[in-house]
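2 protein chains.
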Amino acid sequence: MYKSNKKPVQIGELAKDLNITTRTIRYYEEIGLMGKNERLNGATRSYSADDVLRLKFILKLKTMGISLKEIHHLSDIFDINEKDFDMITPRLIEILDNHISKVDEKMANMSSLRNDIVEYRFRITTLLNSNSQN
Amino acid sequence: MYKSNKKPVQIGELAKDLNITTRTIRYYEEIGLMGKNERLNGATRSYSADDVLRLKFILKLKTMGISLKEIHHLSDIFDINEKDFDMITPRLIEILDNHISKVDEKMANMSSLRNDIVEYRFRITTLLNSNSQN
DNA sequence: TAATCTCTTGACCTTTACGTAAACATTCTT
DNA sequence: AAGAATGTTTACGTAAAGGTCAAGAGATTA
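Read top to bottom, the protein sequences are chains L and X.
Take the first sequence: its letters are residues 2 to 135, numbered as in the working numbering.
Take the second sequence: its letters are residues 2 to 135, numbered as in the working numbering.
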């Protein structure tokens, strides 16, 4: 495995590429989602290709509705390049499965909620009609 | 129409009856959802049967997933006893319909989210298997 | 009479995922 | 050299729906 030949990028460019704000990236670092990365002359953040992958992965999980807190539980996973893939993936699958269940549950709730509203709506219109016939 | 013969209740009892906290009731008053009600010797809140109905109605809407802010837009509706029923109900129905659409939309989103996760999960397991065969 | 209960208002705390501003350093462009 | 752009840290603000004290007052009960 060789070091990626892609040039490291700074925070502004990275943010623009991924269509997020710099604040978001710094925030992820703040809460420990992004590992400590390099700094140019000890100040300016510089992101390697791996760092970018990591961030993209976080965003991917986010679009799937997984909270930052949950993603945090996966912090081990982010060291993908340094750890054994077989050790990491099962944990991720477990979390995804868990999340699928949650989504299912939410959907069931919404469905029954919908019924409630429709029923309530129906009762009201009925009442309204019987009222206007007085 | 005659005044209800039910005795007014105080906040603690009302909260217990409706299985909410007194803080919740005061909060609803705070944000203007509950109209100003009577006070015993100018201090202790006293809730008439109408007040109770109003509060129950708020809670009903809440269980249907309507936010307090939305309920607030309905504040007119709460003066049900003093206004024309025919004037009020259509507005409520409109809001309910609106809410049904929102719920439908959310459900559609969740469904596609679910697909995304399942697909992602699948890709990972596939990767994992091909990996362990090396 | 003293303890206990329920009430009052006011004000700060919580969670999530950042937005926004201040004040300053460094680098790029004119 | 001067100004613009980008970077830095620190830290407060936001929305929703209350939770949780604190400190005090009136009423009930042993």
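Heads up, the beta-carbon is just placed ideally off N, CA and C, and yes, glycines get one too.
The structure presented is a predicted model; accordingly, all values stated were derived computationally and were not measured.
Item	Value
Rounded separation between P9 (chain X) and T23 (chain X) - CA only	16 Å
Alpha helix (DSSP H) segment containing T45 (chain X), residue limits	Unbroken run through T45 (chain X) is the beta strand (DSSP E), T45 to Y48; no alpha helix (DSSP H).
Where I72 (chain X) falls, given that 16 or more other Cβ within 10 Å makes a residue buried	buried
Cβ-based neighbour list, A16 (chain X), same chain, cut-off 8 Å, excluding 5 preceding and 5 following	T22, T23, T25 and I26
Beta bridge counterpart(s) of R40 (chain X) as assigned by DSSP	X:R46
Close Cβ partners of T45 (chain X) (< 7 Å) along its chain, the five nearest in sequence each way excluded	Q11
Beta-carbon neighbours of R115 (chain L), restricted to chain X and to distances below 8 Å	I101, V104, D105 and M108
Members of the segment 37–59 of chain L near chain X, C-beta cut-off 8 Å	none
Buried or exposed (CB count within 10 angstroms, at least 16 for buried), D105 (chain X)	exposed
Nearest to T1 (chain L) (by Cα), restricted to the options X:L114, X:G13, X:T64 and X:E120	Nothing in the structure corresponds to residue 1 (chain L), since chain L is present only between 2 and 135.
L69 (chain L) beta carbon less than 8 Å from that of I32 (chain L)	yes
Per DSSP, the bridge partner or partners of V10 (chain L)	L:Y48
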